[in-house]
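Chains as they are written, first to last, in this note's numbering: chain A, 114 to 415; chain B, 114 to 415. Where is the CB? At the ideal position from N, CA and C, for every residue including glycine.
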C-alpha cells in the first residue's frame, strides 16, 4: 500500500493557493519526497504529513523552484529531533548547488548524504523498499524524472500447498521464495505460487520536453504524474522555448505508455484555472486529473 | 507617509498561518523589505504587495529562517521584468551566505548589489529617501536591527512670509532650506520655517538578547517592531539559551525608549496563541499589539 500526495502543483513561482510542484510517496512507515521548492514544508505542514518520516529526497533538477526549500525543510526535520541519515538523490552536478543552499543550515543533528545520478542514462536503485528508476529528461539543465515500483510477490496458493501436504509452518518460507525440504521431498516456490504480479508503479516527470524513452520507463504505471506547464496546444512554441510540455504532450505519453491514470502538475503561474484546459488532455487520454495541492491517493495491490 | 506591513511573524519554522518574520516598508513608490525567509514571496503575494517595487532588502542575519526566501523572491522579481539594481544590506560576513543561496537563481536580469555593515557599531546610511541606522544585536551570529527615519521639513509659515513681503515664487526654495534674495534683501529659511519636527521613525529588532544600545537607537520610535520569541517570563532561561527575548523584555525596551507603539513578532512555533501572553508585555508597556501576518499601518506626519 503506497500513499501518494501532491504537495504542490505549481511551476516557477509559489502561489498562496498553489505551492511549488512536489510529491510525497509514503510506504511502510517511511517517505520519499520528490523535489523541495520554497514552501514545501509549509504545504507538508498544512497536509499534516510527517516530515520526520522522509528518508529520501529525489531531486529532479537544481532550479530554485525545485530545491530552494531544502534548507528550511532539513532544519525543521532537525528540530524534530532526527538523528538517522537522510538521503538526497539528484542528477549529476547537483551536489554543489545543494551544498551551497545548505550553508544557511548551520549544524544539522543528522547526516545528509547526497548522491548524484547519470543525467543521460537511466539508473536503478532501491530506497525504503521501492525500486526506483531515474528518467533522463530534456530541460535547460540536467534533469531527471523518477519511476517508483513496489514489487509484489505472487499470491501463495494454500489449496495447492495442502494438496501437496506441505505443513503450514513452511508456507511463509516458500512464499518468500525459498525452497523447503519435508520428509526428503523438496518443494520449490514455483510449485505453490501463482502467476507473477505487476508491481505497483508511480512515475513522476516534470520540467522536460517529451523524449521517447519517457514512455518506455513509465510504461504501465498505475499513476503517472506529469508536468502540464501550459494548457492549450497554441502554447506549443512557448513550451518548446521554455523546455516544458503542454497538456496534450503529457497526455500523449500517458496514452503511449498505457498508464492507468494521469495527473497533471507543475502549472504555469500564468494559468489561473488549469481545469479550463483539461479537454486538451482528455481528448487524447481520458483518465486524466488536474493536480491540486494535497490531492492524494492510495495505491493498493490487487 | 510610510506604509508598514508585517509580511510574516513567525520564528524558525514557516507555518501555514504564520509565515517567517519579515516586514515591508513602503515609501514614495519604493519599498524596503526586512528579511526574506522561506515563503516571504508567498505572503507578499497574498497581501497583494508589489515585489517589483522592492529597492532594498535589509537582512538581520543569515540564519535560514531570515534569508532562505531570497533566491525565490529575486527570481520572481526578475520574471516581472525588473532591470534596475536591487540592494541587499546585511551584517558583516553575510555576502558569502547570500551568494551561496543565489547559486540556484541562474541568470537574473538585474544587478544584485550586496553591502555588508559593521556587526559591532551602528552605521547610518540612506535608501529610498529614508535614513537608516543599523543596530548591532546579540545573537548566535552577526545580527542587526534597523531604525528607519523619514525626516520632516519644518512647516512653512505663509503668514510670516506674507508679512515679510516675500513673493510666493520663493516660498518653495525657502522651504527647501535655501536662502533667497529679493530686492537686495536676503531671506533665510529660519525666518519663515516653524519648529524642527520629529522624523517618522520605525524600528525593527529581531533575534537578539536585550542589549543596552537598542534602547538608545530605537528611542522615540513611532513604531517599534520587536521580537517576542516567548511569551511567559518563565521562559527566560530558554530565551537566554536561544539568544532570544521574552515579551516582557521587548516591552521593557519599548518603555525605556519611550516609543509610541510596540508590535511583537517572531513568535516561537511552539506558541500557538501569542495573544494569550500579551499581559506579560502590557503590564510594562500598555500600547502593545501582537503582530499578525499582513497587519499593517500607515504612519503620517503630524
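Tell me, please, whether the CB atom of residue 417 (chain B) is closer than 8 angstroms to any CB atom in chain A? Residue 417 (chain B) is absent from the model: chain B starts at 114 and stops at 415.
Beta-bridge pairing of residue 337 (chain A) - partner residues as DSSP gives them: A:316 and A:375
Alpha-carbon to alpha-carbon, residue 359 (chain A) and residue 399 (chain A): 16 angstroms
Take residue 113 (chain B) and list the residues in its own chain whose beta-carbon comes closer than 7 angstroms to its own, dropping the five residues that flank it on each side. The shown model of chain B, from 114 to 415, leaves out residue 113 (chain B), and the question about it has no answer.
Using a Cβ cut-off of 9 angstroms, which residues of the region 198-210 of chain B contact any Cβ in chain A, in chain order? 209 and 210
In whole angstroms, give me the CA-to-CA distance for residue 310 (chain B) and residue 136 (chain A). 57 angstroms
Could you check which residue in B:117, B:123, B:118 and B:114 has the C-alpha nearest to that of residue 380 (chain B)? B:123
Run through chain C and tell me which residues come within less than 8 angstroms of residue 154 (chain A), C-beta to C-beta. Structure shown: chain C not included; protein chains present are A and B.
Are the Cβ atoms of residue 251 (chain B) and residue 322 (chain B) separated by less than 8 angstroms? yes
Through-space distance from residue 287 (chain B) to residue 274 (chain B), alpha-carbon basis: 10 angstroms
Curious, which full-length beta strand (DSSP E) runs of at least 3 residues does the region 261-301 of chain B contain? 293-295 and 298-300
Looking at residue 339 (chain B) and residue 324 (chain B), is the spacing between their C-beta atoms short of 8 angstroms? no
May I ask you to list the residues that DSSP assigns as paired with residue 118 (chain A)? A:137 and A:409
When you compare the CB positions of residue 185 (chain A) and residue 154 (chain A), do they come within less than 8 angstroms of one another, or not? yes
Strictly under 8 angstroms for the Cβ-Cβ distance: is residue 355 (chain A) near chain B by that measure? no
Residues that DSSP places opposite residue 152 (chain B) in a beta bridge: Paired residue(s): none; residue 152 (chain B) is not in a bridge.
Interface partners of residue 409 (chain A) on chain B, CB under 8 angstroms: Under the 8 angstroms cutoff, chain B gives no residues; its nearest Cβ is about 17 angstroms from residue 409 (chain A).
Rounded to the nearest angstrom, what separates residue 351 (chain B) and residue 177 (chain B) at their Cα positions? 21 angstroms
Pair within 8 angstroms by beta-carbon distance, residue 204 (chain B) and residue 226 (chain B): no
Segments assigned alpha helix (DSSP H), at least 4 residues, entirely inside the region 155-233 of chain B: 177-180, 183-192 and 208-214
Among the residues of its own chain, which have a CB less than 6 angstroms from the CB of residue 127 (chain B), if the five just before and after it don't count? 133, 151 and 152
Enumerate, from N- to C-terminal direction, the unbroken beta strand (DSSP E) stretches of 3 or more residues contained entirely within the region 349-403 of chain A. 374-378 and 401-403
Keeping to the same chain, check which residues put their C-beta closer than 8 angstroms to that of residue 364 (chain A); ignore five residues upstream and five downstream. 375, 393, 394, 395, 396, 397, 398 and 401
Is the separation between the beta-carbon of residue 201 (chain A) and that of residue 190 (chain A) shorter than 8 angstroms? no
Span separating the alpha-carbon of residue 413 (chain B) from that of residue 281 (chain B): 26 angstroms
CB contact check: residue 189 (chain A) to chain B, cutoff 8 angstroms: yes
Can you name, in chain order, every residue of its own chain whose Cβ lies under 8 angstroms from the Cβ of residue 269 (chain B), other than the five neighbours on each side? 284, 287, 288, 305, 306 and 307
Could you check whether the Cβ of residue 165 (chain B) sits closer than 8 angstroms to any Cβ belonging to chain A? no
Rounded straight-line distance, which links the Cα of residue 366 (chain B) to that of residue 328 (chain B): 6 angstroms
Any C-beta of chain B sitting closer than 8 angstroms to the C-beta of residue 185 (chain A)? yes
Bounding residues of the alpha helix (DSSP H) (the contiguous stretch that carries residue 324 (chain A)): Taken as a continuous stretch (DSSP letters only), residue 324 (chain A) belongs to no alpha helix (DSSP H), as it is neither H nor E.
Mind checking whether residue 330 (chain A) and residue 254 (chain A) have CB atoms under 8 angstroms apart? no
At 7 angstroms on the CB atoms, spell out the chain B contacts of residue 225 (chain A), in chain order. Near residue 225 (chain A) there are no residues of chain B at all, since even the closest Cβ is about 14 angstroms away, more than 7 angstroms.
Would a check of beta-carbon distances place residue 256 (chain B) closer than 8 angstroms to chain A? no
Mind pulling the chain B residues with CB within less than 7 angstroms of residue 216 (chain A)? 210 and 213
Is residue 242 (chain B) close to chain A? Criterion is C-beta to C-beta, closer than 8 angstroms. no
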